[in-house]
Amino acid sequence: MFQHITIGDAAIPLARLFAAMPVAMALIDREGRHVALNQALASISGLKAEQLIGRRVAELSPESGENIQNDFRRIDAGLDVPDHEITIEDRVFYVSVKPLFDGDGQAIAIMVALTDITRHKETEGQLAKANARLEAMAAMDYLTRLGNRRVFDEALAAAVRQGRESSKPASLILFDVDHFKRFNDAYGHIAGDGCLRRIAEATREVGCRQGVEAYRYGGEEFAVVLPGRSSRDAAALAQNLCDAVWDLGIPHEASPFCRVTVSLGASGYDRWPDERRDLDARLLRAADKALYLAKASGRNTVAVAAVETGAGAAEGSSVLVTQP
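All residue numbers for the sequence shown refer to UniProt numbering, where the first residue is 1 and numbers rise by one.
Below, the structure is given as structure tokens:
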């Protein structure tokens, strides 16, 4: 067996090559003792290589000593030792373990290589955080900071599915700003954006108190999904939202109310129909129908509409709840 590597006219001893390896390496016998190691590995423990020769791994780390014995048990059973990661004093290492066999095929030692991947893991963590921020941005309406239409669609579908599977109710509120085009014409689009942001914040606060999420449905229209809540709950929350926007006191001289108001439509599955198709779409249509009723009844109003059954008939009638 060769004892050195020749590079040009120079003969590099394998021992020197082993010592110069940038990867931390150690040869460990069946008793868990360091037979050979390079300074890169010794530096991990803060010692010199010669201080570790002959010492058991378990003296430095009982856990690592037990891992070494487990590695030998796997090798004796004919199994590979899978590569893995370990953390030593806030540094992360990628560990590879390979057996060294004698002439009879008996594992007499293992070669352990540790690669410091701390920076890689830090970069990986930073990328994960960046991706999470991007996902959050993709799910958020940039103006109001509420969930956007895509997230609303997913939330509505989930609320309906979970409600149907658990036999619990699910409801929905749709609402929009009354005479919003007139507001923009009178005060300008920048003021209009500010108006939507204030309404969104008020909606978020009311929703948080009830443990539900609000979304920007589109334009000046908003939505609130109420998993596990009845249409009566939706009507009560809708009234709270109506009052909250009224209390903002945003001037609107082009409105008959002289302030910004909203009209709200609510609907819900208090009991689930036998027909399972398009359940979320039917709930959305019912809430939209209630919103239309609220607007047709003078605005600044809450209305409730029943969800249509599979046969096309409503499970009850549309009811105007309140009109301040």
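We treat Cβ as the ideally placed atom computed from N, Cα and C, and that holds for glycine.
For residue i versus residue j, is the C-beta distance shorter than 7 Å?
i	j	result
serine 230	proline 273	no
alanine 238	alanine 266	yes
alanine 107	isoleucine 75	yes
aspartate 233	valine 160	no
leucine 27	alanine 42	no
phenylalanine 257	glutamate 220	no
alanine 286	valine 307	yes
valine 212	leucine 226	yes
Tell me whether residue i sits in a helix, a strand or coil according to DSSP, three-state version.
i	result
glycine 46	coil
phenylalanine 93	strand
isoleucine 75	helix
alanine 313	Confidence in alanine 313 is poor, its pLDDT being 44 and thus under 50, which makes the residue's placement unreliable; the coordinate value appears in the next sentence. Coil.
residue 332	As displayed, the chain neither begins before 1 nor continues past 324, which places residue 332 out of reach and without an answer.
serine 64	helix
leucine 114	strand
glycine 32	coil
glutamate 308	strand
valine 302	strand
aspartate 141	coil
glycine 103	coil
alanine 19	helix
Just curious, the alpha helix (DSSP H) that residue i is in, first and last residue?
i	result
proline 169	First-last for proline 169: undefined, no H or E at that position.
glutamate 201	189–210
arginine 145	Premise fails: arginine 145 is in no alpha helix (DSSP H) and is neither H nor E.
aspartate 288	279–296
I believe residue i touches residue j by the beta-carbon criterion, under 8 Å. Please report the beta-carbon distance rounded to the nearest angstrom.
i	j	result
arginine 216	asparagine 148	6 Å
alanine 113	serine 96	5 Å
asparagine 184	valine 206	That pair is no contact at about 24 Å.
Since residue i is in the beta strand (DSSP E), which residue starts that stretch and which ends it?
i	result
arginine 216	213–218
isoleucine 88	84–88
valine 262	262–269
Touching by the beta-carbon criterion (3+ pairs, under 8 Å), the stretch 117–135 and the stretch 53–61: At 8 Å Cβ cutoff, the stretches do not touch.
Segment contact, 8 Å Cβ cut-off, at least three pairs: the stretch 188–201 with the stretch 237–253: yes
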